[in-house]
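Structure first, then comments.
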Amino acid sequence: MAGLATAGALSRAGWQVILLERGERVAASPTALVLWSNGRRALESLDPDGGWSAIAAPLPDGGVRRPDGQWLVPPRARNGASAQPATDGAENPSPSGAGPAPAVVHLQDLYDALVAGLSDRVEIRTGCTVTTVRTSARNRPVVEVGRTPIEADLVVAADGIDSPVRRAFAPESVAVGSGFAAWQAVIPAYRVPRLSPEEAAGGETLGAGYRFVSIPLGERAAGRGGVYWVATAAGAPRPESPATQLALLRRWFADWHPPVAALIEATHPEDLVPQEVRELRPLPRSYGFRSGPGGVVLLGDAAHAMPHHLGQGACLAFEDAATLRSLAADAAPGEALVAAIDEYSRLRRPRTTSVVRQTRRMSAVVQARGRLALRARDAALNHMRPRILGGHAMGSGDWMPPE
Ligand SMILES: Cc1cc2nc3c(=O)[nH]c(=O)nc-3n(C[C@H](O)[C@H](O)[C@H](O)COP(=O)(O)OP(=O)(O)OC[C@H]3O[C@@H](n4cnc5c(N)ncnc54)[C@H](O)[C@@H]3O)c2cc1C
Numbered sequence: 007m008a009g010l011a012t013a014g015a016l017s018r019a020g021w022q023v024i025l026l027e028r029g030e031r032v033a034a035s036p037t038a039l040v041l042w043s044n045g046r047r048a049l050e051s052l053d054p055d056g057g058w059s060a061i062a063a064p065l066p067d068g069g070v071r072r073p074d075g076q077w078l079v080p081p082r083a084r085n086g087a088s089a090q091p092a093t094d095g096a097e098n099p100s101p102s103g104a105g106p107a108p109a110v111v112h113l114q115d116l117y118d119a120l121v122a123g124l125s126d127r128v129e130i131r132t133g134c135t136v137t138t139v140r141t142s143a144r145n146r147p148v149v150e151v152g153r154t155p156i157e158a159d160l161v162v163a164a165d166g167i168d169s170p171v172r173r174a175f176a177p178e179s180v181a182v183g184s185g186f187a188a189w190q191a192v193i194p195a196y197r198v199p200r201l202s203p204e205e206a207a208g209g210e211t212l213g214a215g216y217r218f219v220s221i222p223l224g225e226r227a228a229g230r231g232g233v234y235w236v237a238t239a240a241g242a243p244r245p246e247s248p249a250t251q252l253a254l255l256r257r258w259f260a261d262w263h264p265p266v267a268a269l270i271e272a273t274h275p276e277d278l279v280p281q282e283v284r285e286l287r288p289l290p291r292s293y294g295f296r297s298g299p300g301g302v303v304l305l306g307d308a309a310h311a312m313p314h315h316l317g318q319g320a321c322l323a324f325e326d327a328a329t330l331r332s333l334a335a336d337a338a339p340g341e342a343l344v345a346a347i348d349e350y351s352r353l354r355r356p357r358t359t360s361v362v363r364q365t366r367r368m369s370a371v372v373q374a375r376g377r378l379a380l381r382a383r384d385a386a387l388n389h390m391r392p393r394i395l396g397g398h399a400m401g402s403g404d405w406m407p408p409e
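Our numbering puts the first residue of the sequence shown at 7, with every later residue one more than the last.
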């Protein structure tokens, strides 16, 4: 999605873009994504005509509970504001008052919107696996795809956590397991069990080493609706089939408060997207590398993959794309483009480092086990609320693309 967003933005600014994808298709997995204020603002700045509000459902504040149902952090509705998703197309205000309200979007809708935003200056080549990129002091960078070299002024490596381009330019940064496994699923609307209004608002539940988040997709998810959920468990990813993993999830979450068990029960094995949670350690020292009159930049998970606890990975990828577009759109190859590449790295490194640091603190919260650790966690949760539910502690609402 980071590659699509960047290709669309640069092509609309007049660049001729070749988008290389190793898969046979450019396709989304059947899950959803939370777009915090910063992610929404980045998308709006990348493509003001993208129709983002039409595909994004406002994110209700369902609060945080313990598995027995006791509130750790009650939803804001208790303080007088609405915790229900808006169904009439109205936007709930951002809880911090800064930036567009957080929203949830079905990935298929997001991909469709990003693909629709590609201009005819983008050539998509699928089934193309990039092996590396060659740079030199005098010449433009050259992308190696099998035996076919492709020369370009600017190479945007948005090739995810296992990026071969990052391995070549930032070998100090290695993808490692974060100590968690995660499962995502979207239950289609017709299969969602009957839920009380409070249950339908979704929310987050924290157990000892386990976490369950459910979010209603609202009516905006083009014909899909339904409920998105993500479960996290401390430990290694499971090797079993999706059906067996689903059976395990049903067992682990069996006695959690309603509607957790009912939602997992309504999930089919083919809905389930299991993932090992991984991150980059350390982050690359730089996100930009010169080559003659141009160079290479790392973007999205290729630059800063992190655990999903704050739901910021894709939001930061869109920030990267919007920053690069602002800096490079009008930069001619030569001094201007090289300066834009340096500036991109200078702006994005500290921003992503600070979010990664906060994500690691959240990892400790999710991993907490044992009576004392859990008691300390529960006591601290009120102070951590913005990190868990709003992403505002990292100033996400205030983020602006550079002029
Ligand atoms: C459980 C979970 C929940 C999450 N929830 C959220 C959330 O709510 N909000 C949020 O903002 N983020 C969330 N994230 C993070 C988000 O999913 C990632 O940050 C995002 O997908 C990164 O996008 P990307 O485009 O950088 O990389 P990817 O999605 O990994 O895309 C990389 C692309 O490059 C292609 N590719 C790879 N190697 C090559 C090659 N050698 N040659 C050619 N093509 C190649 C791949 O096929 C792929 O299409 C979550 C992550 C997880 C695991």
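Idealized CB from N, CA, C, for every residue including glycine. Model, not experiment: these values are computed from the prediction.
*Does at least one heavy atom of ligand 1 sit under 7 Å from the Cβ of ARG131?*
no
*Can you check whether the CB of VAL79 is closer than 8 Å to the CB of GLY69?*
yes
*Identify which residue in ASN145, VAL161, ARG46 and ASP261 has its Cα closest to the Cα of TYR151.*
The question names Tyr, but residue 151 in the sequence shown is Val. Here the closest residue by C-alpha is VAL161.
*Taking the continuous beta strand (DSSP E) assigned at TRP58, which residues delimit it?*
No beta strand (DSSP E) holds TRP58; the alpha helix (DSSP H) holding it covers 58-61.
*LEU41, buried or exposed, once every other Cβ within 10 Å from all chains shown has been counted against 16*: buried
*Should GLU379 and VAL283 be called a contact, given that it needs their Cβ atoms to be closer than 8 Å?*
Just to set this straight, residue 379 is Ala in the shown sequence, not Glu. Going by C-beta atoms, ALA379 is not nearer than 8 Å to VAL283.
*Given that a residue counts as buried once 16 or more other Cβ atoms are within 10 Å of its Cβ, and exposed if not, what is GLY232?*
buried
_Following a CB-centred definition, is GLY29 positioned closer than 7 Å to any heavy atom of ligand 1?_
yes
*Look at PRO275 and PRO243 and say whether their C-beta atoms are less than 8 Å apart.*
no
_Between the alpha carbons of ARG296 and THR37, how many angstroms are there, rounded?_
36 Å
*Same chain only: Cβ atoms within 7 Å of SER369, ignoring 5 sequence neighbours per side*: SER184, PRO313 and HIS315
*CA-CA distance, ILE347 and PRO199?*
50 Å
*Mind the definition here: the segment 244-256 touches the segment 140-158 only if three or more C-beta pairs lie below 8 Å; say whether that holds.*
no
_Residue of TRP262, ASP165 and TYR234 minimising C-alpha distance to LEU212_ = TRP262
_Let me check understanding here. Comparing Cα to Cα, which of ALA337, LEU304 and PRO177 lies closest to ALA323?_
LEU304
*Go ahead and pull the three-state DSSP assignment for ILE24.*
strand
*Local Cβ density within 10 Å of SER169, reported as buried at 16 or more and exposed below that*: buried
*DSSP state of PRO99, grouped into three classes?*
With a pLDDT of 49 at PRO99, under the threshold of 50, the predicted position of this residue should be treated as unreliable, and no value is reported.
*Cα separation between ASP307 and VAL171?*
12 Å
*State yes or no: is the C-beta of GLN114 nearer than 7 Å to some heavy atom of ligand 1?*
no
_Secondary structure of PHE218, DSSP reduced to three states_ = strand
*May I ask you to check if the CB of LEU65 is nearer than 7 Å to at least one heavy atom of ligand 1?*
no
*Would you list the residues sitting across from GLN114 in a DSSP beta bridge?*
Paired residues: none, contrary to the question.
_Cβ separation of GLY224 and ALA63, assumed to be a contact under 8 Å, to the nearest whole Å_ = 3 Å
*asked:* Between ASP277 and ALA206, how many whole angstroms is the CB-CB distance? I'm expecting something under 8 Å.
replied: The Cβ separation is near 19 Å, so there is no contact.
*Whose CA, out of VAL32, GLY133, PRO194 and THR12, lies closest to the CA of ILE270?*
PRO194
*Determine the extent of the alpha helix (DSSP H) in which ALA2 is found, giving its start and end residues.*
Only positions 7 to 409 of the chain appear in the structure, and residue 2 is not among them; the question remains open.
*Whole-angstrom C-beta distance between PRO147 and GLY376, which should lie under 8 Å*: Not confirmed; about 51 Å, so no contact.
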